[in-house]
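One structure is given below, encoded as structure tokens.
Protein chains: 2
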Amino acid sequence: MSLIVQKYGGTSVADAGRIRNVARRIAQVKDRGDRVVVVVSAMGDTTDDLIKLANQVAEKPDKRELDVLLSTGEVVASTLLTMALHSMGYTAISLSGAQAGIKTDAAYSRARITNIDPRRMLRELDNGNIVIVAGFQGVTDEMDITTLGRGGSDTTAVALAAGLDARVCERYTDTEGIYTADPRIVPEARRLNEISYEEMLEMATYGSKVIHPRAVELGEVFNVPILVASSFTENPGTLIHGEVSMEIRNKVRSIAHDLDVAKITVVGIPDRPGIAASIFVPLAEAGISVDTIVQNASIHKITDLTFTVAKSQLAAAMAVVEPIAGSIDARECIADARLGKVSVIGTGMQNAPGYAARMFSTLSEENINIQLITTSEIRITCIIDEAQVKDAVRALHRAFELDRGE
Amino acid sequence: MSLIVQKYGGTSVADAGRIRNVARRIAQVKDRGDRVVVVVSAMGDTTDDLIKLANQVAEKPDKRELDVLLSTGEVVASTLLTMALHSMGYTAISLSGAQAGIKTDAAYSRARITNIDPRRMLRELDNGNIVIVAGFQGVTDEMDITTLGRGGSDTTAVALAAGLDARVCERYTDTEGIYTADPRIVPEARRLNEISYEEMLEMATYGSKVIHPRAVELGEVFNVPILVASSFTENPGTLIHGEVSMEIRNKVRSIAHDLDVAKITVVGIPDRPGIAASIFVPLAEAGISVDTIVQNASIHKITDLTFTVAKSQLAAAMAVVEPIAGSIDARECIADARLGKVSVIGTGMQNAPGYAARMFSTLSEENINIQLITTSEIRITCIIDEAQVKDAVRALHRAFELDRGE
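Here the protein sequences come in this chain order: X and S.
Residue 338 in this note's numbering is what sits at position 338 of the first sequence, and the numbering runs on without skipping anything.
Take the position in the second sequence, starting the count at 1, then add 406; the result is the number in this note's numbering.
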């Protein structure tokens with residue numbers, strides 16, 4: 001008998017029929033003799049609907065109140081799922097984030113989990129209950145409700161798995177797992193049976209929307225294996241964990257991409273200390289999230305600085321940067337909103353320089369011009385023209401033979 | 407500066423526009439310099455919608471889970487109202503029933519308030535906040551959420567007014583107050599400026615749906631004046647309190663009626679001890695709520711027993727009573743589903759026997775046959791044919807001169 005944490009996303013509990021389907025899946029695990037804690041998201045579009053309501057009553061809804069409002073969506077889903085289990089003859093109980101002992105700081109709308117007090121959950125498990133926990137939420141020491149921000153329910157599930165010392169955190173959505181590339185672009189893309197935390201983190205940040213990096217990070221820190229699978233099929237999914245076998249590590253694992261890339265280049269900056277700070281501190285204060293940053297080596301004490309942002313933030317970023325460029329005597333600011341990003345990811349690349357060469361030559365053979373290059377230990381990323389991203393993904397998938405079995 | 411508790415019903419907060427309207431009303435009280443605690447119901451049909459969802463996932467939704475589910479409706483309304491106040495420049499905070507310190511027993515779906523711990527509310531008031539409390543709910547000592555059942559938000563408001571020693575509990579819905587009769591039946595019916603708890607209780611039980619008797623009882627016990635008024639107009643409403651002036655007490659105050667009356671008569675019962683219990687204990691066990699009970703004096707040790715139930719419960723009641731009637735040697739059971747009830751109410755009737763005579767002669771003049779009569783100290787009720795109820799109300803309203811001013 002082991003303890004398993006499962007998490008079901010909003011599409012998996014979008015209506016009564018799907019809730020009963022999820023209840024049947026949970027019942028199977030219980031029938032196997034395991035102890036089960038389940039984390040649920042709000043049904044379908046509930047969270048968006050609540051946000052709309054809030055914007056109808058106030059131009060700028062108060063964050064504390066918004067958190068309480070949004071937290072009700074997950075509570076509703078948790079009670080309905082519990083009722084469905086009861087009607088199938090299983091003993092179950094729903095717990096809010098507060099009742100489940102999920103303590104957070106008071107940073108409304110993006111609270112961080114500070115501690116898990118598992119006593120109530122363990123008591124309910126000992127009583128034979130399946131425990132259904134409302135995701136995405138916690139409670140401050142003042143007993144005020146908070147929400148965890150983006151990726152919140154995934155984070156709840158991994159944190160509970162860590163706090164309960166669960167064998168695995170199984171995360172179910174409408175996707176079958178992690179693929180060698182986006183199957184909508186590369187039809188022959190394969191589902192990976194396993195992937196390391198590091199690889200998944202690079203994929204999450206570089207284009208994969210399957211699981212939020214915050215949950216993967218937490219899984220890595222507490223060594224919680226995370227299974228990513230579909231709630232609509234019986235396919236085995238992809239296990240994200242730390243003990244990926246040696247041979248599999250020694251390969252490129254997947255091609256990730258991102259079509260939402262805009263670039264700003266500040267041209268002709270006098271190279272002196274403090275220049276980078278003078279640009280990026282005001283951007284951060286304006287709430288603009290900067291992704292890749294590249295600064296070339298300076299020639300004659302003059303350098304160029306390039307960085308990327310989401311397309312939706314390009315105008316705001318230019319408004320911040322242009323006056324600064326003037327004040328630091330840069331020559332000009334150039335914006336480009338029509339870019340994309342393609343990345344080759346795999347822990348196998350760490351000690352093998354041939355991968356970068358193969359990536360660049362593959363893109364060259366496709367007549368794709370590389371505008372920027374950045375790398376991490378297990379990833380090589382090229383910023384290219386938006387219109388060429390899909391061709392690049394397909395070519396790289398072939399070049400690194402990802403269509404062949406593991 | 408005094409402390410006022412206000413309560414707004416579901417129709418008053420049914421959409422964003424109405425929520426902003428309620429916020430403006432609250433702001434006026436705050437501008438006057440008073441401290442304000444507001445109790446809200448769930449928006450419009452929210453509670454019914456949640457119940458429908460529950461019935462879609464389970465044939466018989468678990469009561470604990472149903473309470474958690476339903477409690478979210480009032481939480482949503484409380485946060486939206488708080489946001490609306492913020493956007494008007496007022497400091498406000500929403501509290502769930504648990505956060506407001508409303509402790510209850512664990513009788514899910516019909517919990518009783520055991521205690522109010524007002525410390526959090528008083529702290530927020532001291533901080534200058536308008537406090538918005540989610541109605542209809544409380545929390546057990548185990549920190550499990552409960553709901554208070556029918557009339558729940560009214561009860562919350564009166565209980566908070568008692569616990570906070572408020573000057574008045576103002577209860578706003580879409581009705582203007584308490585009338586001398588239902589204005590849909592008697593066009594010349596007048597709104598009463600004030601009414602005693604006892605009179606209101608008789609009216610609530612005997613046909614008025616304006617405020618739940620449970621809240622009125624609580625108001626009487628803790629001597630909390632309750633103002634019943636509309637959130638859509640500036641009319642002064644009706645004050646329910648204990649200090650109604652002597653002269654006003656000495657009158658019939660209103661005509662109440664109820665069209666949902668069915669009657670069962672058990673005919674020819676041998677009059678011996680234990681007969682009544684043998685009928686009414688099984689009815690109670692079957693969850694059937696019996697209203698009026700009349701047993702005539704026995705003649706030759708044979709008596710008839712008549713009682714009324716809601717029309718929807720007539721078939722279930724007959725199924726319980728018919729076998730019992732056989733076993734106690736009664737002659738037969740007769741059911742009649744087409745009845746109504748009309749009542750004359752007023753504390754003035756206590757020491758004045760002429761009122762009953764005037765009621766009976768008025769009905770006689772209208773050719774209305776009286777089937778059953780019951781009385782309390784401040785009420786006379788006649789059960790009559792359903793089709794004659796409206797005529798009876800109009801005739802009695804005229805006969806007792808209720809169209810004239812107080």
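Heads up, the beta-carbon is just placed ideally off N, CA and C, and yes, glycines get one too.
Bear in mind that the values here come from a model prediction, so they are computed numbers and not experimental data.
| query | result |
| --- | --- |
| Closest by CA to X/D117, which one among X/A100, X/L125, X/A106? | X/A100 |
| Buried or exposed for S/Q434, going by 16 or more other Cβ atoms inside 10 Å? | exposed |
| Indicate the three-state DSSP secondary structure (helix, strand or coil) for X/F307 in the structure shown. | strand |
| Kindly confirm or deny that the stretch 454 to 467 of chain S and the stretch 15 to 22 of chain X touch, where touching means at least three C-beta pairs closer than 8 Å. | yes |
| Pick helix, strand or coil for S/I591, following the three-state DSSP scheme. | coil |
| What residue range does the beta strand (DSSP E) around S/L554 cover? | From DSSP, S/L554 is part of no beta strand (DSSP E); its letter is neither H nor E. |
| Ordered along the chain, which non-local residues of its own chain (more than five positions away) have a Cβ less than 7 Å from that of S/D677? | S704, K707, I708, T709 |
| Residues of chain X with a CB under 9 Å from the CB of S/S637: which are they? | Per Cβ cutoff of 9 Å: no residues; S/S637 is ~16 Å from chain X at best. |
| According to DSSP, is S/I784 helix, strand or coil? | coil |
| Show which residues of chain S have a CB atom less than 8 Å away from the CB atom of X/T82. | D468, E471 |
| Beta carbons nearer than 9 Å to chain A: which residues of the stretch 414 to 427 of chain S have them? | Checking the listed chains, one finds no chain A in this structure; the protein chains it contains are X and S. |
| Run through DSSP, which three-state label would X/G33 get? | coil |
| Give me whichever residues DSSP pairs with X/D117 in a beta bridge. | Its beta-bridge partners do not exist; DSSP assigns none. |
| So with CB distances below 7 Å, who are the chain S contacts of X/V75? | V474, T478 |
| Can the beta-carbon of S/S637 be found closer than 8 Å to that of S/Y414? | yes |
| Using a Cβ-Cβ distance under 8 Å, would S/L528 count as near chain X? | no |
| If you follow the beta strand (DSSP E) that X/Q313 is in, where does it begin and where does it stop? | Where X/Q313 is concerned, there is no enclosing beta strand (DSSP E), given that its DSSP letter is neither H nor E. |
| Could you work out which residues of chain X lie near S/V459, taking near to mean beta carbons separated by less than 8 Å? | Per the sequence presented here, residue 459 of chain S reads as Leu, with Val not at that position. Near S/L459 (Cβ distances below 8 Å), the residues of chain X are A16, V76, L80. |
| Looking at chain X, is there any beta carbon in it that lies within less than 8 Å of the beta carbon of S/V539? | no |
| Specify, as a first and last residue, the run of the beta strand (DSSP E) that S/T581 falls within. | Where S/T581 is concerned, there is no enclosing beta strand (DSSP E), given that its DSSP letter is neither H nor E. |
| Select from the stretch 488 to 506 of chain S all residues with a C-beta closer than 7 Å to any C-beta belonging to chain X, and list them in chain order. | T488, M489, A490, H492, S493, S500, Q505 |
| Quick one: is S/Q434 near chain X, going by C-beta distance under 8 Å? | no |
| Using the beta-carbon of each residue, which ones in chain S are nearer than 8 Å to X/E59? | S493 |
| Count the other C-beta atoms from every protein chain shown that fall within 10 angstroms of the C-beta of X/N367, then say buried if there are 16 or more, exposed otherwise. | exposed |
| If you follow the beta strand (DSSP E) that S/I536 is part of, which residue opens it and which one closes it? | 536 to 540 |
| What residues in its chain sit with their C-beta under 6 Å from that of S/S749, if we drop five residues either side in the sequence? | Y612, A662, R785, T787 |
| Check whether the Cβ atoms of X/A315 and X/L218 sit closer than 8 Å, and answer yes or no. | no |
| Quick check on the DSSP output: the alpha helix (DSSP H) that includes S/D473 runs from which residue to which? | 469 to 493 |
| Am I right that S/I536 and S/V442 are in contact with their C-beta atoms under 8 Å? What's the rounded C-beta distance? | 5 Å |
| Is X/Q137 close to chain S? Criterion is C-beta to C-beta, closer than 8 Å. | no |
| Give the secondary structure of X/Y8 by DSSP, where H, G and I count as helix, E and B as strand, and everything else as coil. | strand |
| With a threshold of 16 other CB atoms inside 10 Å of the CB of S/P642, please say whether the residue is buried or exposed. | exposed |
| For S/D532, which three-state DSSP category applies? | helix |
| Which bits of chain S does X/Q388 rub up against, with CB to CB less than 7 Å? | Here the premise fails: no neighbours, minimum Cβ distance about 46 Å. |
| Looking only at its chain, what residues have a beta carbon closer than 7 Å to the beta carbon of S/A723, apart from the 5 residues adjacent to it on each side? | I670, L689, I694, V715 |
| If you reduce the DSSP assignment to three classes, tell me which class S/L808 lands in. | coil |
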